[in-house]
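In what follows, a structure is listed as structure tokens, so that the remarks can point back to it.
Residue numbers (this note's numbering): 257 to 487.
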């Protein structure tokens, strides 16, 4: 039975999960009873089943749940499977903050919203082409992008600019408009994941390369295999 007040259910928990989802009992919801709670992921499968039974009120009569709110950099659907999301949370736990930012930006830019596609993006994170930019240095992000492309990635252009001498003995490199060049790169070759990360369109990810079970097996985390009965 759900006697909690809805506003109190939305109170943030004190842990630091990879994903937080508000899970509602759909049967009770359609009957006009707001029954649900926040769940932090990752968790063990036993913890998820106990949560669904004790806090969401699922049983042999009320078997369906929906995700009515979430805290995540990824877009999540109402009918995502909690156990699949738990696999995603375990995967995110193993990734760096930079990798998670890149994966979330790639999924957003390419319309990847279901758990399988997000997991495959995370699993293939090394296939994403990007450059990191120091967000704390002077200049616009476009100018810094232009500079890093010329200075570190396009040695042919840099050599050409340095050997092209202009007035007062200065080279074309010293007169080069890095901001305009960076803006052109942004318009034609990729997009900013954040002020510090730029992702190139040349990235080639297969969002259906692995099944969720294959990824779960590869993660080899005991929390993903514990089970218990709801009824």
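Where is the CB? At the ideal position from N, CA and C, for every residue including glycine. Since the model is a prediction, treat every value here as computed from it, not as a measurement.
Counting pairs of beta carbons, one from the region 392–408 and one from the region 432–440, are three or more of them closer than 8 Å?
The answer is yes - the region 432–440 touches the region 392–408, with three or more Cβ pairs under 8 Å.
Alpha carbon to alpha carbon, how far is residue 347 from residue 444?
Rounded to whole angstroms, residue 347 to residue 444 spans 32 Å at the Cα level.
Host alpha helix (DSSP H) of residue 455 (start-end)
Taken as a continuous stretch (DSSP letters only), residue 455 belongs to no alpha helix (DSSP H), being part of the beta strand (DSSP E) at 453–456.
Quick check: the Cα distance between residue 398 and residue 475, rounded to an integer number of angstroms?
Approximately 38 Å between the Cα atoms of the pair.
By Cβ distance, which residues of its chain are closer than 8 Å to residue 418, with the 5 residues on each side in sequence left out?
Closer than 8 Å at Cβ, skipping near neighbours: 427, 428 and 429.
Expressed to the nearest angstrom, what Euclidean distance is found between the alpha-carbon atoms of residue 357 and residue 424?
Their backbone Cα atoms lie some 44 Å apart in a straight line.
Tell me whether residue 294 is buried or exposed, calling it buried when 16 or more other Cβ atoms sit within 10 Å of its Cβ.
Burial state of residue 294 is buried, judged by a 10 Å Cβ sphere holding 16 or more other Cβ atoms.
Alpha carbon to alpha carbon, what distance is there between residue 380 and residue 449?
Approximately 17 Å between the Cα atoms of the pair.
Does the Cβ-Cβ distance between residue 279 and residue 468 come in under 7 Å?
No, Cβ-Cβ distance for residue 279 and residue 468 is not below 7 Å.
Is DSSP giving residue 427 helix, strand or coil here?
In the three-state scheme derived from DSSP, where H, G and I count as helix and E and B as strand, residue 427 is classed as strand.
Find the nearest neighbour of residue 308 within the set 330, 338 and 481, judged by alpha-carbon distance.
Comparing Cα positions, the closest option is 338.
Is there contact between the region 356–376 and the region 305–324, where contact requires at least three CB pairs shorter than 8 Å?
Short answer: they don't touch.
Among 473, 282, 378 and 392, which residue has its Cα nearest to the Cα of residue 314?
Proximity to residue 314 across 473, 282, 378 and 392 peaks at 282, based on C-alpha coordinates.
Can a CB atom of chain D be found closer than 7 Å to the CB of residue 415?
Absent from the structure: chain D. Only one protein chain is present.
Skipping 5 residues on each side, what residues in its chain have a beta carbon closer than 7 Å to that of residue 320?
Correct list, in chain order: 282 and 283.
Rounded straight-line distance, which links the Cα of residue 470 to that of residue 477
Answer to the nearest angstrom: the Cα atoms are 12 Å apart.
Endpoints, the alpha helix (DSSP H) within which residue 409 is located:
The continuous stretches of alpha helix (DSSP H) do not include residue 409, and DSSP gives it neither H nor E.
Sheet register partners of residue 292 (DSSP bridge):
280, per the DSSP bridge assignment.
If you measure between the beta carbons of residue 336 and residue 298, is that distance less than 7 Å?
Between residue 336 and residue 298, the C-beta gap is not smaller than 7 Å, which leaves the two residues out of contact.
How is the alpha helix (DSSP H) around residue 468 delimited, first residue to last?
468–475 is the span of the alpha helix (DSSP H), which, as asked, contains residue 468.
Closest to residue 472 by C-alpha separation, out of 341, 331, 285 and 288, would be which residue?
Residue 472 has its Cα closest to that of 341, out of 341, 331, 285 and 288.
Integer Cβ distance of residue 488 from residue 411, believed to fall under 8 Å:
Outside the shown range of the chain, which is 257 to 487, sits residue 488, and nothing can be said about it.
From which residue to which residue does the alpha helix (DSSP H) around residue 364 run?
For residue 364, the enclosing alpha helix (DSSP H) covers residues 353–365.
Just reading off the alpha helix (DSSP H) that residue 434 is part of, what are its end residues?
Looking at the DSSP string, the run of the alpha helix (DSSP H) that includes residue 434 is 434–445.
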